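These notes are about the structure you will find just below.
Numbering (the working numbering), first residue to last: 1 to 458.
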């Protein structure tokens, strides 16, 4: 039997433990869509909460926004998405699958000079590189929809392919209502949609995903300094969520590969089990977006600097982070196999601030009323203390509970035993606190438990 790859193990854990399910699974699924289960949505919410606290609540110069997903189609014409948000695609004549031409070429699956269909069960010859480029057709990745009741009067528009569009069309609203001084940013967390030609690699490339983006408006004279400042901010965030520095790499995007709006872009790439690929991006978008929207809408989007008397269109630095790719990177980096007490185990070495469950409370035995009652009291105490997400677990023996909590990344487990009830007078009103990473157990006083956990969460 072939050994499972690390990626297959992670996908299996996500399904088994309630992190991520295939979208519409009972109907055979829908490619490129994923549903987050109870633990997955908790992980995502913790990521978003930490990002919002760090980049919005933790700063004086960034304002929050939640723009509509469906926008006036004129906004996407002005931004260039309606005309140019497309990838070259080629179709395999045997299996019918569509593939991005550049991905086929990058796969290096070549036989007698012909690139092969990437589908493992197909591998039909698609043609030489020259033939592929000739066969390729432009494929716009925006999902279309219509607004209005009647077919004739309905307006064709799109599901947004990025959250940045909503920020740019609200720039003037924020300017007029909040009166910020440059430099300042507008931040948003929200869904985006791309009709990917070939969604792949689990959460990495999906058709529906969530972004955390900031458009940081600046005087163009300071763009290089500000770019470096946000570069450091990105590394600070990577460190804060616990991704190993050795697994993250900067890629300076070559000029010939830059997006049409960018003068400089850095991709922050991560070592996924399937290879090194993009995790985050940071771009200097110049004044492309505001200039385009000002011209298309006829609205003056310039900024007046009272200190210098200048009026100009601000330029933009854009740190763009995907929630789903962050979750995937954290799952990949934290997935650990080791042995403890001569038994093999799997655990997720997640940061306590991001783990779906912070503390699990156990009674030593589920059939002892007094143990269960005392454990319930401590469970209620910790929930009231707000030391993160707390769960009560009495399913199976304690060893199995430890392994189950390890597998979902719970940093600490609290066990109530007979010593807690006073079997040993010196241990009365103490519990066992177990550490996920080391397996170390220590007796701590119940009255000190909340303070101990709070100190560990800092």
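Think of the CB as a built atom: it goes at the ideal place given N, C-alpha and C, for glycine as much as any other residue.
Treat the numbers as computed from the prediction; the structure is a model and nothing was measured.
Task: Residue interval of the beta strand (DSSP E) (run including residue 336) - done: 335–340
Task: alpha helix (DSSP H) segments (min. 4 residues) lying fully within the segment 57–132 - done: 73–79, 81–84, 101–107
TODO: Within the same chain, show all residues whose beta-carbon is closer than 6 Å to that of residue 135, passing over the 5 residues directly before and after it, in chain order.
DONE: 90
Task: Three-state class that DSSP yields for residue 349 in the structure shown - done: coil
Task: Test item: CB-CB of residue 71 and residue 144 under 8 Å - done: no
Task: residue 325 - DSSP class collapsed to helix/strand/coil - done: helix
TODO: Could you check the C-alpha separation between residue 345 and residue 400 for me, to the nearest Å?
DONE: 11 Å
Open item on the list: Give me the DSSP bridge partner(s) of residue 317.
Closed with: 216, 284
Task: Helix, strand or coil at residue 414 [DSSP, three-state] - done: strand
- [ ] Starting from the N-terminal side, write out each stretch of the alpha helix (DSSP H) that is 4 residues or longer and does not extend beyond the segment 221–276.
- [x] 223–240
- [ ] Given a cut-off of 8 Å, decide if residue 313 and residue 290 are closer than it, judged by their beta-carbon atoms.
- [x] yes
Open item on the list: Let me make sure I understand the geometry here. Which of 59, 221, 420, 352 has the alpha-carbon closest to that of residue 492?
Closed with: What is shown of the chain runs 1 to 458, which leaves residue 492 out entirely.
Task: Residue range of the beta strand (DSSP E) that includes residue 406 - done: Looking at the DSSP string, residue 406 is not in any beta strand (DSSP E); the run it does join, the alpha helix (DSSP H), is 398–408.
TODO: Classify residue 455 as helix, strand or coil using the three-state DSSP reduction.
DONE: helix
Open item on the list: Are the CB atoms of residue 48 and residue 189 within a distance shorter than 8 Å?
Closed with: yes
- [ ] Could you please give me the residues that DSSP links to residue 208 through a beta bridge?
- [x] 193
Task: Local conformation of residue 440 per DSSP, three classes - done: coil
Task: Backbone CA spacing between residue 356 and residue 412 [nearest angstrom] - done: 12 Å
Open item on the list: Assuming the contact rule is C-beta atoms closer than 8 Å, residue 203 and residue 324 should be a hit. Round their C-beta distance to whole Å, please.
Closed with: 5 Å
Task: Nearest candidate by alpha-carbon position, reference residue 103, set 10, 170, 200 - done: 200
- [ ] Classify residue 216 as buried or exposed, calling it buried when 16 or more other Cβ atoms lie within 10 Å of its own Cβ.
- [x] buried
- [ ] Report the residue from 417, 354, 17, 434 whose alpha carbon sits nearest the alpha carbon of residue 428.
- [x] 417
- [ ] Specify the secondary structure class of residue 498 as computed by DSSP and reduced to three states.
- [x] This structure cannot speak to residue 498, because the chain is shown only from 1 to 458.
- [ ] Can you give me the Cβ contacts of residue 73 inside the same chain, cut-off strictly under 8 Å, excluding the 5 residues immediately before and after it?
- [x] 82, 155, 156, 157, 158
Task: Three-state class that DSSP yields for residue 387 in the structure shown - done: coil
Task: Chain-order list of residues whose beta-carbon lies under 8 Å from that of residue 63 (same chain, five-residue window excluded) - done: 56, 174, 178, 180, 184, 185, 186, 187
Open item on the list: Does residue 95 pass the burial test, meaning 16 or more other C-beta atoms within 10 Å, or should it be called exposed?
Closed with: exposed
Task: 6 Å Cβ shell around residue 350 - same chain, five flanking residues per side excluded - done: 334, 409
Task: Rounded straight-line distance, which links the Cα of residue 78 to that of residue 229 - done: 30 Å
Task: Local conformation of residue 304 per DSSP, three classes - done: strand
- [ ] Kindly examine the ligand NAP and report whether one of its heavy atoms sits closer than 7 Å to the Cβ of residue 126.
- [x] You won't find the ligand NAP in this model; it holds no ligand whatsoever.
Task: Candidates 40, 304, 283, of which the one nearest residue 319 by Cα - done: 283
TODO: Report the rounded CA-to-CA distance for residue 213 versus residue 422, giving the unit in angstroms.
DONE: 54 Å
TODO: Could you work out which residue in 163, 33, 17, 54 is closest to residue 69 when comparing CA atoms only?
DONE: 163
- [ ] Tell me whether residue 362 sits in a helix, a strand or coil according to DSSP, three-state version.
- [x] strand
TODO: Establish whether the CB of residue 423 and some CB of chain C are separated by less than 8 Å.
DONE: Annotation note: the requested chain C is absent from the structure, which comprises a single protein chain.
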